[in-house]
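Read through the structure below, which is laid out as structure tokens, and then see the notes.
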Amino acid sequence: MIIRSAKVEDIPRIAYIHVKSWQTTYKGILPKEYLANLSEKNKEQEWQKLGLNYPNGQGITWVLEDEGEVFGFANAGPQRDPPIAGHGEVYCIYILKEFRRKGGGQLLIKEIVKYFKTKGYHSASALILKENPFTDFYKRIGAEATEERPFKLDGMDLIQILYLWKNIK
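FYI, the UniProt record's numbering numbers position 131 of the sequence shown as 131, with every residue one higher than the one before it.
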């Protein structure tokens, strides 16, 4: 299992993983129709438009690969909302269902923290859907649930939990 910076050629696979991860993780949580209508083509277009260095060229995307097969990815960069100097944000970590709980998520987090340190960040956060069945992952790697934030997704009222690593040094 290796981690490497994502390349433009990885975008179709990233889009596939993004959609499949949502469909497996949020099955029974988000409406069936919503999950069924997620489109790899649309997600690929989003990634092409946003770029692998989202947001604004300040972030970075990594992929997890085993024997040439990309099976997970993460995207991280500076804190977005609100922007906080010296604070990084894990925007997403997605791993295909059959590869979960094998250490890939922890490897991605270690890579993200290394990156954050090169940027001089001293703390980090991640916003996770409250009903996400993998919130225990964030707790196990030292993040603390600090607040709930309401948000809308395609007209659905949902809650995200802000997980915070106060000191990543």
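Every residue gets a Cβ at the ideal spot worked out from N, C-alpha and C, and that includes glycine.
- For phenylalanine 73, the enclosing beta strand (DSSP E) covers residues 69-78.
- Membership of leucine 35 in the alpha helix (DSSP H) is indicated by the continuous run 32-36.
- Here alanine 15 has Glu40, Lys43, Glu44, Trp47 as same chain residues with Cβ atoms under 7 Å from its own Cβ, once five neighbours each way along the sequence are excluded.
- Annotation: the continuous beta strand (DSSP E) that includes phenylalanine 151 extends over 144-153.
- Judged by DSSP secondary structure, glutamine 48 falls outside any beta strand (DSSP E) and instead within the alpha helix (DSSP H) spanning 40-50.
- In the three-state reduction of the DSSP assignment, glutamine 106 falls in the helix class, which pools H, G and I.
- A distance of 8 Å or more separates the beta carbons of tyrosine 94 and glycine 77.
- Going by DSSP, tyrosine 16 is part of the alpha helix (DSSP H) stretching over 11-25.
- Taking a cut-off of 8 Å for Cβ pairs, the region 144-153 and the region 106-117 do not touch, as fewer than three such pairs fall below it.
- Taking C-alpha positions only, isoleucine 17 is separated from lysine 49 by approximately 17 Å.
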